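Student: For what it's worth, numbering that gives the first Met the number 0 labels the leading residue of the sequence shown as 0, then goes sequentially. Here a beta-carbon is modelled for each residue, glycine too, at the ideal position from N, C-alpha and C. Note that the structure is predicted; figures quoted are calculated from it, not measured. My questions all concern the structure below.
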Amino acid sequence: MKAHVILIAATLAVGLAEEMTLIQPGDLAAQLTGKGATPPIYYVGPNVLYRSKHIPGSIFAGPGSRPDGLEALKAAAAKLPRDREVILYCGCCPWSHCPNVKPAVEALKQMGFTKVKAMFVETNFAKDWIEKGYPVEAGTANP
């Protein structure tokens with residue numbers, strides 16, 4: 000029974016990764032420190048984690064697993080050109096268990112966005128971003 004649960008979880012994680020264009024944390028960190036425009040970055044996880052530490056310039060859009068979070072994401076992205084690159088991330092838990100990223104990606108795709116990327120957070124935001132020394136800021140940065 001336990002092996003079936005592990006197999007199902009692994010299959011879902013692979014399926015989730017296949018449906019989305021992914022960006023690795025290191026690649027996004029390099030993009031943030033490089034020259035040129037940075038795409039809009041939306042955090043689609045719990046607000047308590049965003050307030051603690053988040054990617055500088057990222058916008059809290061609400062949990063992607065909740066209807067109000069998806070509505071907040073849609074409102075935040077509404078005025079962007081549909082062919083603009085947009086990056087989403089969560090990091091509340093391991094990638095294979097994240098309830099927020101996939102619904103958020105789907106919501107933007109349904110709006111007509113063609114260059115949606117999800118940051119692959121294998122373990123959690125603390126381990127895969129903060130502990131690697133990538134830039135962070137704390138508090139509420141939203142307008």
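1) Counting only the same chain and skipping the five closest in sequence on each side, list residues whose C-beta sits under 6 angstroms from that of residue 124.
2) Between residue 87 and residue 43, which are expected to be in contact by the criterion C-beta below 8 angstroms, what is the C-beta distance as a whole number of angstroms?
3) Near residue 37, which residues of its chain fall below 8 angstroms by C-beta distance, leaving aside the five closest residues on each side in sequence?
4) How far does the beta strand (DSSP E) with residue 131 in it extend, from its first residue to its last?
5) Quick test of the definition: if touching needs 3 or more C-beta pairs under 8 angstroms, does the region 101–111 touch the region 65–77?
6) Determine, using beta carbons only, whether residue 179 and residue 22 come nearer to each other than 7 angstroms.
7) Assuming residue 190 and residue 72 form a contact by the criterion Cβ under 8 angstroms, report the distance between their Cβ atoms to the nearest whole angstrom.
8) Taking residue 130 as the reference, which of 68, 34, 99 and 54 has the closest Cα?
9) Which of helix, strand or coil does DSSP assign to residue 135?
Tutor: Considering the structure as presented:
1) Excluding sequence positions up to five before and after residue 124, its CB lies within less than 6 angstroms of the CB of 90, all in the same chain and listed in chain order.
2) At roughly 5 angstroms, the Cβ-Cβ gap stays under 8 angstroms, so residue 87 and residue 43 are in contact.
3) In its chain, beyond the 5 residues on either side, 30, 31 and 56 have a beta carbon closer than 8 angstroms to the beta carbon of residue 37.
4) No beta strand (DSSP E) holds residue 131; DSSP gives it neither H nor E.
5) Touching, yes, given that three or more Cβ pairs across the two stretches are closer than 8 angstroms.
6) Residue 179 lies beyond the residue range present for the chain, which begins at 0 and ends at 142; the question has no answer from this structure.
7) Outside the modelled stretch of the chain, which goes from 0 to 142, sits residue 190, for which no answer is possible.
8) Of 68, 34, 99 and 54, the residue nearest in Cα terms is 54.
9) In the structure shown, residue 135 falls within a coil segment according to DSSP collapsed to helix, strand and coil.
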